[in-house]
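If you use the numbering used here, the sequence shown closes out at 251, no skipped numbers anywhere. Since the structure comes first, as structure tokens, the remarks are kept for the end.
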Amino acid sequence: MIVALRIFIVTLSVITILGGLGLIALVWVYSLKFGQCVKLPNGSELSYEAFVDFSNSYLIPDVVLRDPEGTVIGKEISPIHVTDVATLGAAWPEHSSSKSDFSFVWTAETGLVKQEENPSLYAELRATANSTSNYIGAPVDLHVNTLWMFKRLSEDEQYVGRSCATRYFTF
């Protein structure tokens, strides 16, 4: 009886240790893959929303646009245009959300400006960004989404950052 109890305790301990090491390895691999972000020259950043997204198939998180404080500006942005002074785009609502889509301009000076909320400032910022800035990642006539822009800019070392406001998981 005592021998069986010792075997059970040793087996349970080994399984717990191996499971813990496996979990640590999985978290490390996920942090390497999904902890990466792209620091844009205008101050905003593109990063994964979380390490694991339980609402997506295969648990792969979405790429989001964040302000420097880590607040998500938009989850699915298409098209997205990045310049050295602004990020412009149209953010689409989440799949099961009552939120409506919106066009926006984000700059470090003004923050998020939605076209519907402040049309005059939106038009002014958009015109300024279009006339005085160079587009980064994709030309103005190429309509890409956040994932494409993230993949494209993460290949360039000048944009890659490691201090991202990434959550561990989301639903």
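Even for Gly, the Cβ is constructed at its ideal location relative to N, Cα and C.
DSSP three-state label for residue i, please.
{"i": "K194", "result": "strand"}
{"i": "G241", "result": "strand"}
{"i": "V83", "result": "helix"}
{"i": "G169", "result": "strand"}
{"i": "V90", "result": "helix"}
{"i": "A188", "result": "coil"}
{"i": "N158", "result": "Note that residue 158 corresponds to Ser in the displayed sequence, not to Asn. Residue state, collapsed to three classes: strand."}
{"i": "T250", "result": "strand"}
{"i": "I216", "result": "strand"}
Between which two residues does the alpha helix (DSSP H) containing residue i stretch?
{"i": "T151", "result": "No alpha helix (DSSP H) holds T151; DSSP gives it neither H nor E."}
Round the Cβ separation of residue i and residue j to the nearest angstrom and send it over; I've been treating them as touching at under 8 angstroms.
{"i": "V132", "j": "T226", "result": "Their Cβ separation, rounded to whole angstroms, is 18 angstroms, which puts V132 and T226 out of contact at 8 angstroms."}
{"i": "I153", "j": "L201", "result": "Going by Cβ atoms, the distance from I153 to L201 rounds to 16 angstroms, so no, they are not a contact pair."}
{"i": "Y215", "j": "H161", "result": "6 angstroms"}
{"i": "F114", "j": "T246", "result": "7 angstroms"}
{"i": "F182", "j": "E196", "result": "6 angstroms"}
{"i": "D147", "j": "E156", "result": "That belief does not hold up - the Cβ atoms of D147 and E156 are roughly 17 angstroms apart, past 8 angstroms."}
{"i": "N198", "j": "T163", "result": "Rounded, the Cβ-Cβ distance is 19 angstroms, inconsistent with contact."}
{"i": "C117", "j": "G217", "result": "Contact flag wrong, Cβ pair sits at about 14 angstroms."}
Determine which residues share a DSSP beta bridge with residue i and list them.
{"i": "A203", "result": "The partner list for A203 (beta bridge, DSSP) is empty, contrary to what the question assumes."}
{"i": "T208", "result": "T208 pairs with nothing; no bridge assigned."}
{"i": "F182", "result": "A171"}
{"i": "T226", "result": "Answer is none; T226 lacks a bridge partner."}
{"i": "D133", "result": "T250"}
{"i": "L98", "result": "None; L98 has no bridge partner."}
{"i": "L145", "result": "L126 and G154"}
Let me check you understand the geometry: is the CB of residue i closer than 7 angstroms to at least one non-hydrogen atom of the ligand FAD?
{"i": "S180", "result": "You won't find the ligand FAD in this model; it holds no ligand whatsoever."}
In the DSSP assignment, find the beta strand (DSSP E) that holds residue i and state where it starts and stops.
{"i": "S127", "result": "E125 to Y128"}
{"i": "V118", "result": "C117 to K119"}
With a threshold of 8 angstroms, are at least 3 pairs of Cβ atoms found where one atom belongs to the region 220-240 and the other to the region 124-132?
yes
So, does the region 183-193 touch the region 162-170, judging by three or more C-beta pairs under 8 angstroms?
yes
Count Cβ pairs between the region 203-216 and the region 90-104 that sit closer than 8 angstroms; are there 3 or more?
Flag = no, the region 203-216 and the region 90-104 do not touch.
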